[in-house]
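Enquirer: In our numbering, the protein residues as written are 12 to 318. By construction, the Cβ of each residue, glycine as well, lies at the ideal position given by its N, Cα and C atoms. Since this is a predicted model, take the numbers as computed values, not measurements.
1) Of all the alpha helix (DSSP H) runs that stay within the bounds of the region 61-102, which reach a length of 4 or more residues?
2) Across the region 141-150 and the region 118-127, are there enough close Cβ pairs to call them in contact, namely three or more that are closer than 8 Å?
3) Rounding to the nearest angstrom, what Cα-Cα distance links residue 224 and residue 63 in this structure?
4) Between residue 289 and the rest of its own chain, which residues show a CB-CB distance below 7 Å, the 5 nearest in sequence each way excluded?
5) Only counting the same chain, and skipping five residues up and downstream in sequence, which positions put a Cβ closer than 8 Å to that of residue 306?
6) Should residue 108 and residue 127 be called a contact, given that it needs their Cβ atoms to be closer than 9 Å?
7) Which same chain residues, not among the five before or five after residue 171, have their C-beta less than 8 Å away from its C-beta?
8) Can you tell me the Cα-Cα spacing of residue 299 and residue 173, whole angstroms?
9) Please report the straight-line C-alpha distance between residue 83 and residue 137, rounded to a whole angstrom.
10) Can you find the residues in the same chain that come closer than 7 Å, C-beta to C-beta, to residue 213, ignoring five residues on each side of it along the sequence?
11) Where does residue 276 sit, in a helix, a strand or coil, going by DSSP?
12) May I ask which residues mark the beginning and end of the beta strand (DSSP E) holding residue 136?
13) Could you spell out the range, first to last residue, of the beta strand (DSSP E) harbouring residue 250?
14) In whole angstroms, what separates the C-alpha of residue 97 from that of residue 113?
15) In terms of residues, what are the limits of the alpha helix (DSSP H) holding residue 120?
16) Along the chain, where does the alpha helix (DSSP H) containing residue 173 start, and where does it finish?
17) Going by the CB atoms, is the gap between residue 99 and residue 80 shorter than 9 Å?
18) If you follow the alpha helix (DSSP H) that residue 217 is part of, which residue opens it and which one closes it?
19) In terms of alpha-carbon separation, which member of 70, 308, 167 lies closest to residue 389?
20) Given this structure, state the Cα-to-Cα distance separating residue 116 from residue 153, to the nearest angstrom.
21) Would you mind working out which of 69, 304, 94, 162 sits nearest residue 218, comparing C-alpha positions?
22) Buried or exposed: where does residue 314 fall if 16 or more other Cβ atoms within 10 Å of its Cβ makes it buried?
23) Quick one: Cα of residue 210 to Cα of residue 235, how far?
24) Which word fits residue 311, buried or exposed, when buried means at least 16 other C-beta atoms lie within 10 angstroms of its C-beta?
25) Indicate the three-state DSSP secondary structure (helix, strand or coil) for residue 59 in the structure shown.
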């Protein structure tokens, strides 16, 4: 080969080698920068995990704990391993958001929201559990729910609360073929009490009537104030004979209340009843209409007797 040509080939190979070396060096620099960036991101990610107020737990697919942030240790305490295993007692872990109960060894418990998501942890697939104590929120929510179903003056169920509960009770009665009686009760002379005395005295009459009904009916019965001076009670395991006995009991308690009543009026109630027959079932609205009609008959008869 010609020496000049040979030199050109050598120079070309050398230049290519230098170019490759530069490219490798550039790539190496970029990799180092990328590695530093990744390390920085990991450090920032760790810092976020460490500073989070939520309890953050990383577990692998075998439910082994890989990481806990300080908030986790504060939430779970010294027995964090047992408690975390306890809340992971389901067979399959899925990306989800659910309410859980954390039962502490001392008997205390809290309600928490747990969000589960898949992450990459140290180049391996894992699960991140984000856990927040929502006990106060749940209690507040339950209190608002109770308030929405409860009459403020008497602390009995309101109409909404009554209707939301009786459907289930009637379904139970259908299946078990048990007797159910609906009592519909109206306070007599409420207009006169409000007009001649005051609405405060009207409230006293309503509270007095509700006290009598609370003392008469049992825990399994649904007692409600469904209107201004109207009450409805769904009594379980009560047939026609038992209903008459309960009405007599209401009248006796009414007498006792009036005997000890410090106000300048007596509480008097008109009562109507309707019986649920599982062989010929009717809905709650029809049952209430029947009991309401009977109540007005009772009120009318009392007026006739007074005159």
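Expert: Let me lay it out:
1) If we require 4 residues or more, the alpha helix (DSSP H) runs fully inside the region 61-102 come out as 81-87, 91-98.
2) Segments in contact, yes.
3) Position 213 of the chain shown, counted from the start, is the residue given in the question as residue 224. Position 52 of the chain shown, counted from the start, is the residue given in the question as residue 63. Cα to Cα, residue 224 sits roughly 53 Å from residue 63.
4) The residue you call residue 289 lines up with position 278 of the chain shown. Cβ neighbours of residue 289 within its own chain (closer than 7 Å, five residues either side excluded): 184, 185, 188.
5) What you label residue 306 is simply residue 295 of the chain shown in a count that begins at 1. Contacts found: 195, 196, 197, 281, 282, 283.
6) As a first step, residue 108 is located in the chain shown; it is residue number 97 there, counting from the start. As a first step, residue 127 is located in the chain shown; it is residue number 116 there, counting from the start. Cβ atoms of residue 108 and residue 127: closer than 9 Å.
7) To locate residue 171, count along the chain shown from 1; it is residue 160. Taken in chain order, the residues that qualify are 159, 160.
8) One-based indexing of the chain shown puts residue 299 at position 288. One-based indexing of the chain shown puts residue 173 at position 162. Distance between the alpha carbons of residue 299 and residue 173 is about 12 Å.
9) Numbered from 1 along the chain shown, position 72 holds the residue referred to as residue 83. Numbered from 1 along the chain shown, position 126 holds the residue referred to as residue 137. A straight-line Cα-Cα distance of about 17 Å links residue 83 and residue 137.
10) For the purposes of this step, residue 213 is identified with residue 202 of the chain shown, where counting begins at 1. Here the set comprises 201, 204, 205.
11) Taking the first residue of the chain shown as position 1, residue 276 is located at position 265. In the structure shown, residue 276 sits in coil (DSSP, three-state: anything other than H, G, I, E or B).
12) In the chain shown, residue 136 corresponds to position 125, counting from 1. Residue 136 -> beta strand (DSSP E) spans 135-144.
13) For the purposes of this step, residue 250 is taken as residue 239 along the chain shown, with counting starting at 1. Looking at the DSSP string, residue 250 is not in any beta strand (DSSP E), and its letter there is neither H nor E.
14) As a first step, residue 97 must be located in the chain shown, where it is residue number 86. As a first step, residue 113 must be located in the chain shown, where it is residue number 102. Each residue's Cα considered, the two are about 8 Å apart.
15) By one-based count along the chain shown, residue 120 stands at place 109. Not the alpha helix (DSSP H): residue 120 falls in the beta strand (DSSP E), residues 120-132.
16) The residue given as residue 173 occupies position 162 in the chain shown. Residue 173 -> alpha helix (DSSP H) spans 170-187.
17) Taking the first residue of the chain shown as 1, we reach residue 80 at position 69. Taking the first residue of the chain shown as 1, we reach residue 99 at position 88. Cβ distance not < 9 Å, so residue 80 and residue 99 don't count as in contact.
18) Reading the chain shown from its first residue, position 206 is the one you call residue 217. 210-227 is the span of the alpha helix (DSSP H), which, as asked, contains residue 217.
19) Residue 389 lies beyond the stretch modelled for the chain, which goes from 12 to 318, so this question has no answer here.
20) Translated into positions along the chain shown, residue 116 becomes position 105. Translated into positions along the chain shown, residue 153 becomes position 142. Between the alpha carbons of residue 116 and residue 153 lies a distance of about 25 Å.
21) By one-based count along the chain shown, residue 218 stands at place 207. Cα-wise, what sits closest to residue 218 is 162.
22) For the purposes of this step, residue 314 is taken as the residue at position 303 of the chain shown. When all chains shown are included, residue 314 counts as exposed.
23) Translated into positions along the chain shown, residue 210 becomes position 199. Translated into positions along the chain shown, residue 235 becomes position 224. Between residue 210 and residue 235, the alpha-carbon positions lie close to 20 Å from each other.
24) For the purposes of this step, residue 311 is taken as the residue at position 300 of the chain shown. Residue 311 is exposed by the Cβ-count criterion.
25) Taking the first residue of the chain shown as 1, we reach residue 59 at position 48. Assignment of residue 59 by DSSP, reduced to helix, strand and coil, places it in the helix class.
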